[in-house]
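For the sequence shown, the residue numbers in full-length UniProt numbering are 1 to 234. Where is the CB? At the ideal position from N, CA and C, for every residue including glycine. Report on one structure; see the data block that follows.
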Amino acid sequence: MAAARKRRVSAARKRRRQRLKVGGAIAGGVSVFAVVFWSVLWPYLIGALVVGGAAIGGWWLWRTDRSVRGADRRWRYDEAVQAGRRTLAEVDAMTGTEFEDYIVDLCRRDGCTDVRRVGGSHDNGADVLGNLPDGRSMVIQCKRYTPKSKIPSREVRDLLGAKVHFKVDVAIFVATTYFSGPAERFAKENDMLAVHRDHLGLWNNGASLLSLGAVNGLGQGDRRHRERWKETYE
């Protein structure tokens, strides 16, 4: 039994020596490979690290810039809303020219481009010209009337003529009062945006000009609303 145990111990030692030799050979081979080929490999390894770091840094900068720009746009928009906000009583006290300038400011706040006031004695039915944020051209007629007045259909028809004359895509009628029934129907039938007093209040308080299209022809109040309106202004 002692002889058998010696043989097992000897065999185990032999296997360990063989494993050590193999491991040493592998380690030596890797060392030789690294030494021989390091001058060839290191530029690629460093290049990969630099490119990877630059990509991560660029992505982080892009996300940060996007976040900062988005916050800045929101802040500027909120500031523009606050700066341009007026009470309807203040709007009623404006002159016709001041009202036109006020509408120009609201358009620019909402991202309209090339907006300019053209009202005058020979304005051909247009007070404001420009382009909507989506690129469509527009003409705006502004009427600062007393709240108890009504916009007649003939004035809306004049705006349709201005649309044809200036060859624009959208015609918008903005008033400090309300439209007569025929005037409002004519505007809707001819794809014109009729912004009456209630919608002007929404626009003034931050709603975008384009969003008013969803409520075009609506919002002039029910019977009780009209009764309170008459009590206030008549």
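- prompt: Whose CA, out of 199, 204 and 205, lies closest to the CA of residue 216?
  reply: 199
task: Give the C-beta separation of residue 125 and residue 141 to the nearest angstrom, bearing in mind that I take them to be a contact with Cβ-Cβ under 8 Å.
output: 6 Å
message: Using a Cβ distance threshold of 8 Å, determine whether the segment 136-156 contacts the segment 87-96, with at least three qualifying pairs required.
response: yes
- request: Note down, in chain order, each residue of its chain lying with its Cβ closer than 6 Å to the Cβ of residue 118, except the 5 sequence neighbours on either side.
  value: 126 and 129
Straight-line Cα distance separating residue 68 from residue 192: 38 Å
message: Looking at the secondary structure, which residues open and close the alpha helix (DSSP H) in which residue 132 lies?
response: Segment: none, residue 132 is in no alpha helix (DSSP H) and carries neither H nor E.
- prompt: So which of 105, 66, 59 and 56 has the shortest CA-CA distance to residue 206?
  reply: 105
field: For residue 158, the nearest candidate out of 136, 63, 178 and 183 (CA to CA)
entry: 183
- prompt: Is the beta carbon of residue 103 sitting closer than 7 Å to the one on residue 168?
  reply: no
message: Measuring straight from C-alpha to C-alpha, what distance separates residue 136 and residue 47?
response: 50 Å
- prompt: Taking the C-alpha atoms as reference points, what is the distance between residue 139 and residue 65?
  reply: 36 Å
query: So, helix, strand or coil for residue 153, using DSSP?
result: helix
message: What does the alpha-carbon distance come out to for the pair residue 181 and residue 197?
response: 15 Å
field: From 111, 204, 210 and 202, residue whose alpha carbon lies closest to that of residue 172
entry: 210
message: On the DSSP bridge list, what partners appear for residue 117?
response: 128
field: Proximal residues to residue 108 (C-beta, below 7 Å), its chain only, five neighbours per side dropped
entry: 115
field: Classification of residue 256 by the beta-carbon crowding that lies within 10 angstroms, buried from 16 upward
entry: A query on residue 256 cannot be resolved here, the shown segment of the chain reaching from 1 to 234 and no further.
field: Closest Cα partner of residue 153 within the set 189, 131, 170 and 164
entry: 189
- prompt: Do you know offhand how far residue 164's Cα is from residue 88's?
  reply: 31 Å
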